[in-house]
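These notes are about the structure you will find just below.
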Amino acid sequence: MSREKIKTFILTILVVMTVLLTQKVWFQSPFQSISSDVIGLDSNALDLEQARNSFVSPIRVLMGFGGGRSLNRFYSVLSFNDIKSAWLLSKNVLEPFFAGDPYIELVSSDTYYENMANRFIELEFGDNISSVLVSSVFNKSDSKIIRNIREIKKIMIPANNTGIIYIIGKDSNCFRIVLDNYSNEELISYINAYEAGDFVKYNAVFYYVGNYHVVMPLSINIPMSQIYVESEIDITNDAQLAEKSRSFFRNIDFIKTIKETTGTVVYLYGYGEKSLRINNRGRLEYREEFDPVPSTNVKKALDTALIYMHQQGDMADNLFLREIKEIEYKGRKGFSFGFGYHLEGYPVYFNSSGMSNAIEIEVVGNQIRGYRTFLREKMNIPAVTKLEPIILPHNLIEMIIENYLAESDGLVDRESVRTDVLKSISEVQLVYFDSINQDKQ
Amino acid sequence: MDWSKAKNILIIAFIVTNLLLVFYLGKDMYSGSDLQIISDKYLQDVKDHLEENNIRIKGSIPKEILSMPLLMVKYRHIDPEAAAKQFLGENYTRVREGRYTAEDKSLMVLGNKKLVYKNNTSEIIDYGIDEDEAEVLATQFLKEQNLYSSQLVMEQVYYGVVKEFDEVPLYKLVYHQTYKNRFLGESYINVYVNYRGVVGMEALLLTTEKTQQAKSKIITASDALLRKMSDIINDNQGEILITKIEVGYYFNPEEIQLADWENIASGTAFPSWRIILQNGKTYYVEALDN
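Top to bottom, those sequences are chains H and P. For what it's worth, my numbering labels the leading residue of the first sequence as 1, then goes sequentially. For what it's worth, my numbering labels the leading residue of the second sequence as 1001, then goes sequentially.
If you want it as structure tokens, here you go:
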């Protein structure tokens, strides 16, 4: 072999050695610094104010088209996509009320529901949504509304707005909010345009039992698809599980793993200071033990929750804030936020062992106490459009009445049962129900 | 361009680069912090501190500084019907799920993983049975039941009354599993032997699945002793004698109280130090240096 060929061979060996040794160095140093901060970064990547504003928004919007006291007046419950545009427009109308100095008085619920005879938009928020949060949408941390009304459940805006709106707050207290020298009729053209389109008409059919404000469709002429969903987390995918566990624990080298006979996987840090449990249906529960700092600021707590959801990669576009609850942990108050989600414009409901929200997150002080998710996504198969008509709600109500009568063995009067059932109905809504009747589908 | 000269320069450059890389990678292995040798003086200080708290150690404290990987383990699955046939013969009776009897014998299979066997026969084997004979009988019994393996090590023999198995004194032979000559807990076989032969057995066994590729440095035996010292003092009265301290693997979900252990199939066994006292009490200290 010539000398030059030997030199070429030696050089080749040296280059290969350099590559291999550099690889070893690279995986020891920079990779560690990249991976060690999986948790803790990314809050900068989230536009927190925008995220908060998108979640502090109505989860249901009822539109009324007037008709006086006519029994033929009708309403519409807006789809998820229409809610966004209605809210955008409503915010323009509402801003002066939250920014200004309105007159606030307590009124009866009858006064509130009298407005249902006219054209209006009613914005309904999740349960226990603080007025502080709604006000924050208008960049107001303090306002007369905040000082007088603790929670906002519904806001009714008459279309011919002459400076009056109504709010239903905590314990169903109704408030009239009056702003002098103000009028805004932006909603009129929006309602008119909506009325001219296709939508499912709702009617107030329980008025004769004194239940004036619940509306229900008597016919549904839109096609509804049966959708197939599966859990986002596949318990049989070890790589996905490992990746998921890394998002909760800084250093997975010290994480104990336990697999149950059902397929449930549990990850534990230390002796249980942090635990992550993922069951065979893809339901995830994370809990952390710590000494909490005092804080009762719901806005900061929501921010903490949203940042955390963003870090976990769970901030989907179709989520909405369904409820807020106050919690207590080691003598400190905190908040639990429950998020639901929409599919095809309709909210999805399910029941899974005491968990009714797709995401439930508990914040105490500035830390996450608990994080539970049961996230489902549409399967990659075509939706099936139901050819048979949807069972109408009044038929379902009749079935409820018949079942009750059958169980009471003829000991109660049919009409009194009907009256009781109709009076007790608080809402009728078209939704998707996830039956979760297979392992993960 | 003179390629020959260029090659010479490149060869020298890459040799220097590789030497630097080898040095960088190798320095951690030889740095003072990683190859910390525990001085005898430090060990003596630890011993003195323990003795001040009434704790004595039989022998010396291990000086080893090790790196060990995590170990994935699985409970050995027991088929109840097959186990009943094995221990009780063909003519057994199923009392209820996991409970079987045949003449004077009974078998419980808990969570498809834990075995409890009892033999209430009145037949006498040998009234004068001693410890060595008890061990022979126990080993023979385990071989007959396909439970004996080279990884099983007899840890201790207790002599006294264990009421669950007999009213009269018996030998309790405690076996533990090992993995690569290190203990594997919490897995055990306890065999109870007296003049009637093998009168009982309890078994909970693990199988090893795989080890994690990366090894992690573990704490020293002296650090483990110091960490566990207050628990040992609180649990024991008078003078305490530590008869053994060794490193191995430990998996015991019952301690974490996270889930019903019967539902647990597998998990991670962590490197742990095991401290055994003269009175039989055993303590585990997680050994990962986090």
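Cβ atoms here follow ideal geometry from the backbone N, Cα and C, with glycine treated the same way.
Assigned exposure category for residue i - 16 Cβ within 10 Å defines buried
| i | result |
| --- | --- |
| N357/H | buried |
| H394/H | exposed |
| L1035/P | Note that L1035/P scores a pLDDT of 46, beneath 50, so its modelled location is shaky and nothing firm can be said. |
| M156/H | buried |
| K1163/P | exposed |
| N1194/P | buried |
| N279/H | buried |
| Q1044/P | exposed |
| K259/H | buried |
| F1023/P | exposed |
| K1281/P | exposed |
| F9/H | exposed |
| Y271/H | exposed |
| I129/H | buried |
| G1098/P | buried |
| T22/H | exposed |
| M399/H | exposed |
Option in the options with minimal Cα separation from residue i
| i | options | result |
| --- | --- | --- |
| F55/H | V412/H, K299/H, E289/H and N395/H | K299/H |
| I1264/P | L1204/P, A1082/P and T1178/P | L1204/P |
| V1073/P | L1241/P, E1239/P, T1220/P and T1211/P | T1211/P |
| E1246/P | K1005/P, I1065/P and N1018/P | I1065/P |
| I1038/P | W1261/P, A1221/P and W1273/P | A1221/P |
| M1154/P | A1138/P, G1160/P, V1161/P and E1164/P | A1138/P |
| V205/H | D434/H, S109/H and I425/H | I425/H |
| E1144/P | I1011/P, I1276/P, M1201/P and D1235/P | M1201/P |
| L422/H | Y286/H, M216/H and S2/H | M216/H |
| Y404/H | R418/H, I391/H and L392/H | R418/H |
| S173/H | K140/H, D110/H and A316/H | Per the sequence shown, the amino acid found at residue 173/H is Asn instead of Ser. Nearest option by C-alpha distance: D110/H. |
| K154/H | T162/H, I167/H and D142/H | I167/H |
| Y1159/P | I1219/P, N1190/P and E1081/P | N1190/P |
| R1056/P | M1229/P, N1252/P and N1018/P | M1229/P |
| D303/H | I255/H, N148/H, G163/H and N366/H | N366/H |
| Y396/H | Q429/H, N380/H and I381/H | Here residue 396/H is Leu; the residue named in the question, Tyr, does not match the sequence. Among Q429/H, N380/H and I381/H, the Cα nearest to that of L396/H belongs to Q429/H. |
| Y520/H | G163/H, V19/H and R176/H | Shown here, chain H extends from 1 to 441; a query on residue 520/H therefore has no answer. |
| Y1188/P | E1209/P, P1080/P and K1113/P | K1113/P |
| S141/H | A99/H, Q240/H and Y208/H | A99/H |
| D101/H | S108/H, F74/H and N148/H | N148/H |
| R1196/P | D1126/P, Y1148/P, V1046/P and L1115/P | D1126/P |
| D198/H | I220/H, Y212/H and N211/H | I220/H |
| L218/H | P96/H, V16/H, L392/H and S435/H | L392/H |
| F350/H | W87/H, F433/H, V265/H and V209/H | F433/H |
| K244/H | D314/H, T12/H and P294/H | D314/H |
CB-CB length for residue i against residue j, believed under 8 Å
| i | j | result |
| --- | --- | --- |
| Y1092/P | K1085/P | 7 Å |
| L284/H | R372/H | 7 Å |
| A1287/P | A1224/P | 7 Å |
| H306/H | A51/H | Correcting the residue type first, residue 306/H is Leu in the shown sequence and not His. Right, their Cβ atoms sit about 5 Å apart. |
| N201/H | S76/H | Before going further, note that residue 201/H is Lys rather than Asn in the sequence given. About 7 Å separates the two Cβ atoms, so the contact holds. |
| I1078/P | V1109/P | 5 Å |
| G1248/P | R1274/P | 6 Å |
| I191/H | M63/H | 6 Å |
Test item: CB-CB of residue i and residue j under 8 Å
| i | j | result |
| --- | --- | --- |
| S231/H | R322/H | no |
| V214/H | E427/H | yes |
| L451/H | I165/H | Any answer about residue 451/H is impossible in this case: the structure gives chain H only from 1 up to 441. |
| Q1156/P | V1174/P | yes |
| I1218/P | M1068/P | yes |
| R150/H | S131/H | yes |
| S1216/P | D82/H | no |
| I188/H | N160/H | yes |
| N1120/P | E1239/P | no |
| F138/H | I59/H | no |
| I436/H | S352/H | yes |
| F74/H | N211/H | no |
| Y267/H | T257/H | yes |
| F1251/P | V1198/P | no |
Cβ-heavy atom distance, residue i to the ligand GTP, below 7 Å
| i | result |
| --- | --- |
| R119/H | Among the ligands in the structure shown, none appear at all, so the ligand GTP cannot be discussed. |
_the stretch 1094–1109 of chain P touching the stretch 1179–1198 of chain P, judged by at least three CB pairs closer than 8 Å_ = Contact fails between the stretch 1094–1109 of chain P and the stretch 1179–1198 of chain P, because fewer than three Cβ pairs, one in each stretch, are under 8 Å apart.
*asked:* So, does the stretch 409–421 of chain H touch the stretch 327–338 of chain H, judging by three or more C-beta pairs under 8 Å?
replied: Here the stretch 409–421 of chain H does not lie against the stretch 327–338 of chain H, with fewer than 3 beta-carbon pairs under 8 Å apart.
*Spell out a yes or no on whether the stretch 233–246 of chain H and the stretch 1003–1011 of chain P are touching, meaning 3 or more CB-CB pairs, one atom from each, closer than 8 Å.*
Under the Cβ criterion (8 Å, minimum of three pairs), the stretch 233–246 of chain H does not count as touching the stretch 1003–1011 of chain P.
_Stretch pair the stretch 335–349 of chain H + the stretch 286–293 of chain H: three plus CB contacts closer than 8 Å_ = Between the stretch 335–349 of chain H and the stretch 286–293 of chain H there are fewer than three C-beta pairs closer than 8 Å, too few to call the two in contact.
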